[in-house]
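Enquirer:
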Amino acid sequence: MKLLPMNVGPLNPTVPDLLIGFVLFLFCFWMMAGVLLPRIKRTLEQREALTTGRSREAEAILSEAAEVRARYEAELAGARHEAARIRQQAKEEGAAAIAAARAEGNRERDEILAAGTAQIAAARVAAEAELRPYAEELAAELAGRILGEPLPTPAGR
57 MKLLPMNVGP
67 LNPTVPDLLI
77 GFVLFLFCFW
87 MMAGVLLPRI
97 KRTLEQREAL
107 TTGRSREAEA
117 ILSEAAEVRA
127 RYEAELAGAR
137 HEAARIRQQA
147 KEEGAAAIAA
157 ARAEGNRERD
167 EILAAGTAQI
177 AAARVAAEAE
187 LRPYAEELAA
197 ELAGRILGEP
207 LPTPAGR
């Protein structure tokens with residue numbers, strides 16, 4: 057069998073066309089592999105480095121923010137504890153002030169009651185001393201009215 061050249065019309069290449077095509081292919085391959093691909097690779101590596109660096113910076117900033125937040129929350133918890141302690145102390149002081157005022161009021165009330173009782177007792181003794189002579193006269197007069205005859209009044213009055 058003989059190999060017959062294929063006749064594909066205008067697409068049938070000639071040897072010089074094939075050589076020129078092959079040389080141009082090698083030139084394009086060399087340009088791509090030797091010049092463009094290393095530049096593209098270097099640019100991608102730089103982008104990766106920047107992205108990784110920014111990612112590390114972001115992680116560092118996030119960890120620092122977490123530390124700051126933890127300190128803030130600790131300070132806030134301390135402030136809440138201090139506020140609760142101050143409120144408790146104020147309640148205790150208020151209760152003590154109320155108890156002291158109540159004790160002072162009770163003491164003053166007891167003093168007023170004692171003074172009033174003493175005044176009443178003194179007034180009673182004075183009234184009794186003042187009315188005792190008249191009581192004997194009035195008793196004798198009343199007894200005389202009941203009996204229907206006059207009774208002698210106590211002597212010296």
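Note that the numbering used here has the sequence shown beginning at 57, numbered continuously upward.
Idealized CB from N, CA, C, for every residue including glycine.
Taking the straight line between their C-alpha atoms, what separation do you get for GLN102 and MET87?
Expert: For the purposes of this step, residue 102 is identified with residue 46 of the sequence shown, where counting begins at 1. For the purposes of this step, residue 87 is identified with residue 31 of the sequence shown, where counting begins at 1. Their Cα atoms are separated by approximately 21 Å.
Enquirer: Look at ALA195 and LEU207 and say whether their C-beta atoms are less than 7 Å apart.
Expert: Mapped onto the sequence shown, residue 195 falls at position 139. Mapped onto the sequence shown, residue 207 falls at position 151. No, they are not a contact pair.
Enquirer: Quick one: Cα of GLU192 to Cα of GLU184, how far?
Expert: The sequence position of residue 192 within the sequence shown is 136, counting from 1. The sequence position of residue 184 within the sequence shown is 128, counting from 1. Each residue's alpha carbon lies about 12 Å from the other.
Enquirer: Along the chain, where does the alpha helix (DSSP H) that runs through ALA116 open and close?
Expert: Taking the first residue of the sequence shown as position 1, residue 116 is located at position 60. Per DSSP, ALA116 belongs to the alpha helix (DSSP H) from 93-203.
Enquirer: Leaving out the 5 sequence neighbours to the left and right, which residues in its chain are closer than 8 Å to MET57 when beta-carbon positions are compared?
Expert: As a first step, residue 57 must be located in the sequence shown, where it is residue number 1. Per-residue confidence for MET57 stands at a pLDDT of 46, beneath the threshold of 50, marking its modelled position as unreliable; the derived number appears in the next sentence. Same-chain partners within the cutoff: there are none.
Enquirer: Pick helix, strand or coil for LEU207, following the three-state DSSP scheme.
Expert: Taking the sequence shown and counting its residues from 1, one reaches residue 207 at position 151. DSSP places LEU207 in coil when its eight states are reduced to three.
Enquirer: If you draw a straight line from the C-alpha of TYR128 to the C-alpha of ALA105, how long is it?
Expert: Numbered from 1 along the sequence shown, position 72 holds the residue referred to as residue 128. Numbered from 1 along the sequence shown, position 49 holds the residue referred to as residue 105. Between TYR128 and ALA105, the C-alpha separation is close to 34 Å.
Enquirer: How many angstroms separate the CA atom of ALA159 from the CA atom of ALA177?
Expert: Residue numbering aside, residue 159 sits at position 103 when the sequence shown is read from its first letter. Residue numbering aside, residue 177 sits at position 121 when the sequence shown is read from its first letter. Their Cα atoms are separated by approximately 26 Å.
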